[in-house]
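In what follows, a structure is listed as structure tokens, so that the remarks can point back to it.
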Ligand code: ATP
Ligand code: MG
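In the UniProt record's numbering, the protein residues as written are 2 to 652.
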């Protein structure tokens, strides 16, 4: 009520309108990036609310990352659909768990395990299996995979083989026993892990008909965004939430499946029309997000056999060409990106409309340094939930405990809040350094900006702001896991950029070994890496810059641009070993920086002059060494897999 329903349909094309008006029954939208899937479902919800067909509180919209959930919430608010729940699977499940668990089991919900490494290590130790850190992380991510795939310890050995899964040097039977031991150790300590949030919710609903009844009565309309990334466990939960009802609407893009290693199964999306024979199935092909240049580039990258995607048809007017930049090493590549950011900013693009995306977190330090050196504000988006960061939790607790004392001292609430943040590490001037100090500062600065927004709103209304209100607002946001918007360039992994869009996007490190990542070896794994590049490119509305560096630090292994760029790379790059000159602005200005293409020995790092040695990649009399870069990447990969199996990516 309040919003004119017809107005909600006005901004949609005929297919999107079909989605928005199909308020009943199963609906599936299978469509490419930027075609307005998220727009169609948010308008559908708002239309349902505006026409009185949906009670706002009876709609549950779920997605996978905190940021995507925040994005959904934001769009729904704008469309006047207040009161609709938009959450990640985990936060929706956790809320249900917190509500129903005490009634069902007469006790509090067990607390969630922060890090399962130590329990897995303990279990392995008890079985006398020696594991190093890398192996331990493999085990952790394997257990995570098993749990989201509904694979129990007793079935693990059999099903692991079927799914071509393995943990190097550890027999599947032993993995299963470690898995069992881990589950026991966890239970003994009265804890649950990340997947248990979903597993326990599923158990609660299936074992307690009264709970099932109440959940289904509360959430009558389910909507799932990014459905291509649903895991069997999440699918099971959806089924339990739904019961006999057919009120489910799913949207997704099979070409954007980027979590299959962690258990995501796009077949739930592609098979939806078969499971629901009377489903409304809509395909969208018009791309409203990106210029023809960006769309053409993304289409070309996906035009190879096996990477099937729906061809996108660009709707926007022409924009600038996509630029490809080759650098000699990572530091100059990072400087090049930072210069690009500066140039865009000078041309009038806001920092917050720019993003730099990369494959793995280990790529961010040189970039952060380059941005910091130029005083460019940026925000690192790790998968970690903002309000769960230690400094943020600390701020909220301190704020609550100091509330009375501070209030009685008088003075402006904003100044008091700044003083409190100052005690926790915030300074007026942002720190020069990259890394942990910087991240901590960013977090505190983001909290301050929430308080400042609040103060501005109060001033506009002619009211003073109190510290208690700041505290209440932050608590409210923490409860809703709302990430404050900070003003700055977004610096993020490709994985956590899904569903989002920026005016300009720079993709960093698009070379062999990083994208595709060195450990992606099977054709399926390589195709998933290609999809990741597609996800990255399609985040750009008009400016797209793709870069890579030939070496890590002037020496070491010589890299090639990613094979995925073959269909789109200007001829000057292809096969140009030594002297290819790119469109790098630095190269054009003749400074050479960022475009020095000499080939170095991967062993000693000195130049290679001889053609045979270039082919070999090192001086014939230099020892061949296992590339340290590869080792680093390997460690990072393990870390990321472990992390995505335990917490951040999905929550
Ligand atoms: P992704 O696959 O990346 O999640 P998506 O299919 O969800 O993309 P949206 O984010 O909904 O796409 O839309 C992409 C952009 O295009 C948004 O800025 C959206 O506002 C705009 N857009 C979508 N549909 C229309 C339309 N009919 N008219 C104008 N703009 C539109
Ligand atoms: Mg979307």
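Glycine included, C-beta positions come from ideal geometry on N, C-alpha and C.
The Cβ neighbour count for residue 352, taken over all protein chains shown within 10 Å, is at least 16; the residue is labelled buried. If you look at residue 62, you'll find it isn't in any alpha helix (DSSP H); it sits in the beta strand (DSSP E) that goes 60 to 64.
For residue 38, the shortest C-beta to heavy atom distance toward ligand 2 is below 7 Å. Sorting 96, 47, 56 and 103 by C-alpha distance to the C-alpha of residue 80 places 47 at the top. Not one heavy atom of ligand 1 falls within 7 Å of the beta-carbon of residue 351.
Using a cutoff of 7 Å, the CB of residue 7 does not count as near ligand 1, since none of the ligand's heavy atoms is closer than that.
Bounds of the beta strand (DSSP E) holding residue 222 are 222 to 225. Annotation: residue 280 to residue 222 spans about 15 Å, alpha carbon to alpha carbon.
Under the DSSP definition of a beta bridge, residue 512 partners with 562. Its Cα nearest to that of residue 42, the residue 227 stands out among 220, 227 and 124. When DSSP states are grouped into helix, strand and coil, residue 467 belongs to the coil group. Secondary structure of residue 97 (DSSP, three-state): helix. For residue 181 and residue 128, the gap between their C-alpha atoms comes out near 11 Å.
A distance below 8 Å separates the beta carbons of residue 321 and residue 544.
Secondary-structure assignment with DSSP links residue 327 through a beta bridge to 549. Taking the Cβ atoms as the reference, residue 299 lies roughly 15 Å from residue 285, outside the contact range of under 8 Å. Residue side-chain check: residue 13 places its Cβ nearer than 7 Å to a non-hydrogen atom of ligand 1. Judged by DSSP secondary structure, residue 491 falls within the beta strand (DSSP E) whose first and last residues are 490 to 494. Using a 10 angstroms sphere on the CB of residue 359, the tally of other CB atoms reaches 16 or more, which defines it as buried. For the options 461, 123 and 416, the alpha carbon positioned closest to that of residue 467 is the one of 416. A direct Cα-to-Cα measurement between residue 378 and residue 347 gives close to 14 Å. A Cβ-Cβ contact shorter than 8 Å links residue 144 with residue 183. A residue is called buried when at least 16 other Cβ atoms come within 10 angstroms of its Cβ; residue 204 does not meet this threshold and is exposed.
Taking a 10 Å sphere around the C-beta of residue 318, we find fewer than 16 other C-beta atoms and assign the residue as exposed. Annotation for residue 284: the continuous beta strand (DSSP E) segment containing it runs 281 to 285. For the set 529, 173 and 200, the Cα lying nearest the Cα of residue 113 is the one of 200. In this structure, residue 469 sits away from residue 257, with a CB-CB distance that is not shorter than 8 Å. In the DSSP assignment, residue 253 falls within the beta strand (DSSP E) that extends over 249 to 253. Secondary structure at residue 303: coil, using DSSP grouped into helix, strand and coil. Residue 254 has its Cβ nearer than 7 Å to a heavy atom of ligand 1. The secondary-structure analysis by DSSP pairs residue 52 with nothing; it has no beta-bridge partner.
In the structure shown, residue 392 adopts helical secondary structure according to DSSP, grouped into three states. Contact between residue 550 and residue 334 holds: CB atoms are separated by about 4 Å, below the 8 Å threshold. Distances from the CA of residue 50 to each of 326, 269, 430 and 83 were compared; the closest alpha carbon is that of 83.
Contact annotation: residue 111 and residue 193 have beta-carbon atoms nearer than 8 Å.
Around the beta-carbon of residue 172, fewer than 16 other beta-carbon atoms lie within 10 Å, marking it exposed.
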